[in-house]
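Residue numbers (the working numbering): 409 to 1191. C-beta: ideal position from N, C-alpha, C; glycine also. Working notes, beginning with the structure itself.
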Amino acid sequence: MAQASKTTTFDIPAQPLSQALMAFGRQSGMQIAVDSATVAGKTSAPVAGSMTADQALRQLLAGSGLGYQFTSANAVTVAGAPAPVPAGAVGSGALVLDPVRIQGAIATPPQGELGYQSPAFAGGQVARGGKVGLLGNRDYMDTPFSETTYTNQYIQNQQARTLTDVLAGDPTLRSGIPNGNVFDDRVMIRGITVTNPNFGFGGLFGIVPNQVDTTGIERVEVFRGPTAFLNGALPNAVGGTINLVPKRATDAPITQATLLFNSDSQLGGSLDVGRRFGPDNELGLRAGATYYSGDTAVNNQTAERLALTLGFDYRSANTRLEADLGFLQRDVGAFQGGIFLAAGVQLPPAPYARNSSYQPWERLQGNDVYGSLKFEHDIVEGLTGFIKAGARRSNYTSVFFNQNIVNYSGNTTVLSAGQYMSTVEALSLEAGLRAIFHTGPLKHEAALIGDYLKTQNFTFNNPLAAALNSNIYNPTFIPQPSFAGFRTQPPPLTSDSVYGSVGIVDAISFNNDMFQIIGGARLQRLQTANYNAVTGLPTNGNDQTVVSPSASFVFKPMKEVMLYGNYIQALQQGPIAPAGVVNAGMQFSPFVTNQFEIGVKADFGFIGATLSAFQITLPSSFTDVATNTFVTNGQQRNQGIEFVAFGEPAPGLRLLGGFTVLNAIQMSTQDGLTNGKQAVGTTPFQASLGLDWDTPWVKGLGVMGRGVYNGQVYLNAANTQAAPPWTRFDAGLRYTFDRTDGKPVTLRANVINLFDANYWIATTSFFFQNPPRTFMLSLTADF
């Protein structure tokens, strides 16, 4: 069988055999049929490393007296006799009555969504699929969109502590701002900025913390392209969305402790504990905690972080319930905000990244509290209803000193300075029905879903009158100025938004899923209001409703190849002016965006790939440095080609990489002055390649390396100012061994920016210094 001979990375410790078979099914993506009485009281042998499913089962069942038989490409029967049972044999005594089906992460009905995780692809770095909004959980070969799901194995081996770390090797994404330097995470997907209000937490949007911490996160799902049809009305999800999958307790108890070190002198640790309770393990608890503090690799900068998460789940034959609660607290001293470039000045070379030109008293402090509750019930066979609710409150304050480079020698003046206060309160709701049924030869997967997201932004800028002539290469540091007279009470309400929608979809498949046609529409309503920060009176607002259609198809000419195409339209809220500009916090009018995409996907068992071509149109937005005002001017048309490859091309060798070619141009600009020019903040080419290798000569020793390239980025609409291209290399080692009690211990050592390159990070008209060479060490032990 093809599946039996496919190489997969297994990590199954010795444990009760029933739980070990569950782990085997989860990691191999196969279905296991076995009678519970057959495995009762038996213990498995440990299985670790890259091997075929056949080899893994031999090790797993060694000494148990049991045998197995592959009955199809994705199914295996474990029997009570050591001799293999011929496929389809009856009455041999090998199979006892009432076989137990073990498939995926949890034995969840296919019509359900909660608790299910797609099996890992070969190599274990990415999963075979993920959540696709209205369409529910789908395999990537059944998804007519471009999506990548990063697994916990990948997150751990990268020592990824933030979302920026997780996405560092994605060839289609660019991180907008280095870790620790902003109120929220920002990434560029298909040349468009996507921020944390457009990140999902278990499929609920708007409730993700201002900066994502990976404590309590099992997987990160990256979706490329507009998603309002799939995920509901969102503030700005034109480029794509990111969904965070929270950790859940597994049938095998989890107790894992990790010691952490980051250069320069950051120390800390994390704890991950999971348990299941009840006669059928129906109740689960998973708790996580991370804390670290100390000096970062940037001179004068300190960072402290505390993250706490708690997840609960209940599962029965027809009902699933999940609840999550999280807290994140951050304190960054001498945080590095954006740098601006005066009109007519060429951008000078980036300074040595370790030497910060920011004032030591600049600071970012804040916390996030967030949570969610989800309920799902199988009403009848093929029909499931669900309801989800979540909320978030974020409080952040920063003291900033925005620099403006005035000449090629790197001299700077103060563009703006002050204290920026921000509070965000969000409530997110979703409810709906999913159905699976047949009409003759046609299979239907239909859904009717409604969602609601209310977000209130409370902001205030305490301006600071300060003058300073400095230089990015030889900075001048001044004492902290007086903050007397600054506002001390909570910030006032400056914007209020309500996003509501109702969506319907029907995915029709036939001829054994060779052909799939997916169509639907979403009625969206976006209501926004802006308020004067001083008087509290409304200044402007919008109320717009539109029906957004979508159509897509899947065609599989052979089992290893899938062709797809999609058209998706969405109403999106206009951009929000960022902190530091004159109109900070202002929301612009909604707009309709359109995407056309075609692509091909491949699944050869050991390696998979997606090649897609797309076109997206949206308004063009950027910061006018001359007036320090965020503006919209004309349209932006992004045409591009993306290629993503992943898998295990050779035993023990994992690959993840690809490239993006992007032609993002301005259209219909005022008086046509910048028509045809490259859009601000976009790059025409970016690429990455990561390799992870389990060395054959030392058991448990792995090495990894990654190269990332980013092309030139223009900083102004006229394309007269640009940030040059850059290349960065990362590397890592890990060593895993078992203690005398059989529990694993893993030592990881990673280096980010191995050759200490200096470059500017730019995804808009302002830019940032890159992180310097940073060493990351961790020691993880299971108990």
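Would you mind sorting residue i into buried or exposed? The rule is 16 or more other CB atoms within 10 Å of its CB.
{"i": "GLY499", "result": "With a pLDDT of 35 at GLY499, under the threshold of 50, the modelled position of this residue cannot be trusted, and the question is left open."}
{"i": "LYS1107", "result": "exposed"}
{"i": "SER817", "result": "exposed"}
{"i": "PHE529", "result": "buried"}
{"i": "TRP1134", "result": "buried"}
{"i": "ILE420", "result": "buried"}
{"i": "ASP659", "result": "buried"}
{"i": "ILE747", "result": "buried"}
{"i": "MET829", "result": "buried"}
{"i": "MET966", "result": "exposed"}
Alpha helix (DSSP H) containing residue i: first to last residue?
{"i": "PHE685", "result": "Not the alpha helix (DSSP H): PHE685 falls in the beta strand (DSSP E), residues 674-685."}
{"i": "GLN463", "result": "461-468"}
{"i": "LEU876", "result": "Per DSSP, LEU876 belongs to no alpha helix (DSSP H) and is neither H nor E."}
Do you know whose CA, among the options, lies nearest residue i's CA?
{"i": "THR557", "options": "ARG546, GLY537, ALA576", "result": "GLY537"}
{"i": "ASN651", "options": "PHE478, GLY610, PHE845, THR1037", "result": "GLY610"}
{"i": "TRP1168", "options": "GLY584, ASP443, MET970", "result": "GLY584"}
{"i": "PHE613", "options": "PRO586, GLY633, ASN644", "result": "ASN644"}
{"i": "GLY677", "options": "ARG933, ASP1149, ARG713", "result": "ARG713"}
{"i": "LEU429", "options": "ASP462, GLN463, LEU468", "result": "LEU468"}
{"i": "PHE553", "options": "VAL1052, LEU901, PHE891, ILE844", "result": "VAL1052"}
{"i": "VAL942", "options": "ARG895, ILE926, GLN952, ASP1149", "result": "ARG895"}
{"i": "LEU729", "options": "PHE783, LEU755, LEU736", "result": "PHE783"}
{"i": "PHE808", "options": "PRO757, LEU781, ARG800, PHE891", "result": "PHE891"}
{"i": "ASN877", "options": "ASN819, PRO899, SER830", "result": "ASN819"}
{"i": "THR1188", "options": "SER452, VAL534, LEU668, LYS450", "result": "LEU668"}
{"i": "LEU1064", "options": "ALA1017, LEU1026, SER1028", "result": "ALA1017"}
{"i": "PRO1152", "options": "ILE916, ARG1045, PRO454, GLN888", "result": "PRO454"}
{"i": "LEU1109", "options": "ALA441, SER458, GLY449", "result": "SER458"}
{"i": "ASP786", "options": "VAL962, SER780, ILE795, GLY633", "result": "ILE795"}
{"i": "ARG598", "options": "ALA978, GLY1066, ARG582, ALA448", "result": "ARG582"}
{"i": "VAL540", "options": "SER526, SER903, ASN639, PRO579", "result": "ASN639"}
The beta strand (DSSP E) that contains residue i, what's its start and end?
{"i": "GLN935", "result": "923-939"}
{"i": "SER436", "result": "Where SER436 is concerned, there is no enclosing beta strand (DSSP E), although the alpha helix (DSSP H) it sits in stretches over 425-436."}
{"i": "ASP703", "result": "691-703"}
{"i": "ASN870", "result": "850-871"}
{"i": "ILE563", "result": "Here ILE563 belongs to no beta strand (DSSP E); instead the alpha helix (DSSP H) covers 560-565."}
{"i": "THR727", "result": "727-741"}
{"i": "VAL962", "result": "946-966"}
{"i": "ASP573", "result": "It is not in any beta strand (DSSP E) - ASP573 instead sits in the alpha helix (DSSP H) that spans 571-574."}
{"i": "LEU755", "result": "It is not in any beta strand (DSSP E) - LEU755 carries neither H nor E in the DSSP assignment."}
{"i": "SER472", "result": "No beta strand (DSSP E) contains SER472, which DSSP labels as neither H nor E."}
{"i": "ASP688", "result": "Segment: none, ASP688 is in no beta strand (DSSP E) and carries neither H nor E."}
{"i": "ARG594", "result": "594-597"}
To the nearest angstrom, how far is the alpha carbon of residue i from that of residue j?
{"i": "THR446", "j": "ALA487", "result": "7 Å"}
{"i": "GLY798", "j": "GLN435", "result": "30 Å"}
{"i": "THR417", "j": "PRO424", "result": "20 Å"}
{"i": "THR867", "j": "THR947", "result": "15 Å"}
{"i": "VAL574", "j": "GLY473", "result": "43 Å"}
{"i": "ALA1095", "j": "LEU733", "result": "36 Å"}
{"i": "GLN567", "j": "THR1077", "result": "44 Å"}
{"i": "SER956", "j": "ASP1146", "result": "55 Å"}
{"i": "MET970", "j": "THR415", "result": "22 Å"}
{"i": "GLU1056", "j": "ALA751", "result": "49 Å"}
{"i": "VAL620", "j": "THR847", "result": "44 Å"}
{"i": "TYR1143", "j": "ALA1157", "result": "9 Å"}
{"i": "GLN744", "j": "THR1040", "result": "26 Å"}
{"i": "ARG1045", "j": "GLY647", "result": "12 Å"}
{"i": "LEU872", "j": "LEU1061", "result": "54 Å"}
{"i": "ASN1178", "j": "PRO759", "result": "9 Å"}
{"i": "TRP769", "j": "VAL602", "result": "29 Å"}
{"i": "MET1184", "j": "ASN670", "result": "5 Å"}
{"i": "ASP1102", "j": "ALA456", "result": "11 Å"}
{"i": "ASN879", "j": "GLN767", "result": "12 Å"}
{"i": "GLN564", "j": "GLU626", "result": "10 Å"}
{"i": "VAL1008", "j": "PHE1067", "result": "15 Å"}
Compare the C-beta of residue i against all C-beta atoms of chain D and say whether one is closer than 9 Å.
{"i": "ILE1006", "result": "The chain inventory of the structure shown lacks chain D, comprising one protein chain alone."}
Ordered list of beta strand (DSSP E) runs contained in the stretch 616-660, each at least 3 residues: 625-632, 648-654
3-residue-minimum beta strand (DSSP E) runs that sit fully inside the stretch 1006-1036, ordered along the chain: 1015-1032
Entirely enclosed beta strand (DSSP E) segments - the stretch 1150-1182, minimum 3 residues: 1152-1160, 1168-1170, 1175-1177
Sequence ranges, beta strand (DSSP E) only - wholly within the stretch 1073-1130, length at least 3: 1093-1102, 1109-1118
Continuous beta strand (DSSP E) assignments of at least 3 residues falling wholly in the stretch 786-836: 791-813
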